[in-house]
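The opening residue of the sequence shown carries number 13 in this note's numbering; numbering runs sequentially from there.
Just so it is clear, CB atoms sit at the ideal spot from N, CA and C, and this is done for glycine as well.
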Amino acid sequence: MSLRPTVSGDVPTSTATVARAAFPQGNPYLRLRDHLGTIFTDAQFAPLFAHRGQPAECPWRLALVSLLQFAENLSDRRAADAVRSRIDWKYLLGLELTDPGFDASVLSEFRSRLVAGGLEEQLLDTLLVLCREHRLLNARGRQRTDSTHVLGAVRFLNRLECVTETLRATLNALAIAAPEWLRAEADPAWLERYDRRAGDHEVPQGEAKRRAHAEQIGRDGHQLLAAIMAPGAPIWLRQIPAIELLRQVWVQNFCLIDDAPTTGTEAPLRVRWRTDQEGFPPSLLMVASPYDPEVHYARKQSTIWIGYKVHLTETCDEGGPHLITHVETTPAPVVDRDALEDIHEALEAKGLLPDTHLADAGYVAADQLVASRKKGVTLLGPAPQDYQWQARSGEGFSVQDFLLDWEREVATCPAGHQSKSWSPDYHQGRTAFKVRFSTTDCRPCPLKTQCTRSGRRLLTLRPRDEHEMLEAARQREEQLAFSKEYRQRAGIEGTISAGVRVLHLRRSRYIGFAKTHLQHVLTAAAMNLIRLGAWFAGTPLARTRQSAFTRLMMDPVPA
């Protein structure tokens, strides 16, 4: 069958407009189609498809449909309709006009196979390889990175709602997997408590009543877990995922208290609702919803959400299109600087490691400055500041005023006194050095009011390479050239804004971390396609918007 349908004349609609914009050798979509046909070979996808039954749809064609779907922000059903009805899509997919297309569920199954085969990154990398071949993308240039929050495809639940929904979801799972066993073991009162979702029931008012209500739910859950762990219960019940999740949520939100007297008599353990006094696990481990255990609670300034976080990295060199080179999806509580190393490793594997990497203060730390330099990358961004009162006041002696002899491990203060101890300190996997001076030298010192408010001065130092790199970054930040170069970072804010407004970047379409990351990869590839189309059509980059008042005041006054 010919790859070109039997039509003449120009192909209409916006997708075809992008398709007509030519690479040096062919238009971008047709060239991308050829590359996808090479990457998504039968040999790679054969293990992911059944050997019997109806033949599967062509993998490269489904990959291109997925990119077109995200470029136009379509649902699966509307994308399948476009394959059947739109001439421009048939042209790009190499289909005859009479081709009946496929059912919308095929796209969902294709995404599942992509995740199972670990091929989701190929959707973006294939386009990047094509751009490199035509010198639209070069390594060792400037790139910039920023992150934004992503809402999970589940409701936001407080702790009480979460435990209620977890027990309710477990009962529903058991009603399907073991209906007869559950009918025999379930408390009849559970029907009234868990027949509707959390939030539809009235919650008692007052702290004491709410606590009693929560502990009643806790007793119901422990009763169910005890029945499942009983010797006569089927062993396979313990392997149901909902049961393991119930156990995890109960450990995180309840604790068992032994109220038995010290005389040795046995008494049942009392279920207590956890508070700050008993403690909670970190947010990265805390289950936020039973329907997607991989979403987590996070807070950044005034934004509170449960879900994930996505980091976009794009080129920002002049003279070429700004293309997204990497997408990193992380759990919501992971701070930005902890994602930087993975971003650099992924870019290095693609051969796209930048020379200068622009990022905001969330990515810049002393250890990240050193790690980036070892990879040949200059991490450019606001360096962490010294928040000690001596540095903030501008009148005291900061660490910069001390003479550090790293070989001898001795520090000399502005008054000429030397430190008495220099010892390592290990905290949360990081190494620092505690440098202490003698109280004999500090207390009578005439410069003490400018140095310390305690009996003696204590310095906390990072390892030497981190300390020197941080000091160099702070000095570079004070130069005029830094602010001029750092202005280029602001463009990534526009990229995130476009992804949010046009492609719904901040809302996950799917349940689970893997599918959410696939969505982000498809979104980035679709944005690259849109930008390539604009680039070849000669559309200039939009200028920063100004208000009418600002434009009026900035315009020169007519003579």
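Inspect the beta-carbon positions of residue 119 and residue 91 and report whether they are closer than 8 Å. yes
Between the Cα of residue 110 and those of 121, 116 and 98, spot the shortest distance and give me the residue it belongs to. 98
Using CA coordinates, which residue listed in 532, 239 and 336 is at the minimum distance from residue 503? 336
Smallest Cα separation from residue 398: which of 318, 471, 68 and 309? For residue 398, the closest alpha carbon among the candidates 318, 471, 68 and 309 is that of 471.
Could you spell out where the alpha helix (DSSP H) holding residue 70 opens and where it closes? Unbroken run through residue 70: none, as it is neither H nor E.
Segment contact flag, the region 209-219 with the region 257-272, C-beta cutoff 8 Å, min 3 pairs: Segments in contact, no.
Looking at the structure shown, is residue 456 part of a helix, part of a strand, or coil, going by DSSP? coil
Residue 324 and residue 339 look like a contact to me (Cβ under 8 Å); what is the Cβ gap, rounded to whole Å? About 6 Å; that satisfies the 8 Å criterion.
Given residue 186, which residues of its chain have a CB within under 6 Å of its CB, disregarding the five upstream and five downstream residues? 194
Just mark residue 401 as buried or exposed, buried being the case when its beta carbon has 16 or more other beta carbons within 10 Å. exposed
What did DSSP end up calling residue 267 once you bin it into helix, strand or coil? strand
Less than 7 Å separating the Cβ of residue 502 from some heavy atom of the ligand PLP? As presented, the structure is devoid of all ligands, the ligand PLP included, so that no description of it is given.
Check for me: the alpha helix (DSSP H) holding residue 229 runs from which residue to which? Residues 219-241.
If you measure between the beta carbons of residue 157 and residue 318, is that distance less than 8 Å? no
DSSP three-state call for residue 424: helix, strand or coil? strand
Considering only C-alpha positions, which residue in the set 80, 89 and 88 is nearest to residue 101? Closest in alpha carbon position to residue 101, among 80, 89 and 88, is 80.
DSSP-derived helix/strand/coil call for residue 529: helix
Less than 8 Å between C-beta atoms, sequence neighbours within five positions excluded: which residues of the same chain meet that for residue 133? 533
Through-space distance from residue 377 to residue 88, alpha-carbon basis: 42 Å
Residue nearest to residue 206 in terms of C-alpha spacing, selected from 224, 223, 190 and 182: The residue with the shortest Cα to Cα distance from residue 206 is 182.
Would you grab the beta carbon distance between residue 162 and residue 520 for me? Rounded to a whole angstrom, and I think it's under 8 Å. Cβ-Cβ separation between residue 162 and residue 520: approximately 6 Å, consistent with a contact (criterion under 8 Å).
Consult DSSP for residue 160 and reduce its assignment to one of helix, strand or coil. strand
Three or more beta-carbon pairs under 8 Å between the region 454-468 and the region 492-501, yes or no? no
Taking residue 141 as the reference, give the member of 359, 78 and 108 with the closest Cα. 359
So, helix, strand or coil for residue 252, using DSSP? coil
What do you reckon, are the CB atoms on residue 387 and residue 365 nearer than 8 Å? yes
Cutoff 7 Å; reference residue 538; Cβ partners in own chain excluding five residues on either side: 79, 82, 83 and 515
Checking 8 Å against the spacing of the C-beta atoms, do residue 396 and residue 473 come in under that value? no
Could you give the distance in angstroms between the alpha-carbon of residue 299 and the alpha-carbon of residue 227? 18 Å
Can you check which of these residues, 93, 122 and 103, is closest to residue 68 by C-alpha distance? 122
Opening and closing residue of the beta strand (DSSP E) in which residue 433 lies: 433-439
Pull up the distance between the alpha-carbon of residue 152 and that of residue 368, whole angstroms please. 8 Å
Could you have a look at residue 400 and say whether DSSP puts it in helix, strand or coil? coil
Assigned secondary structure, residue 210 (DSSP; H/G/I helix, E/B strand, else coil): coil
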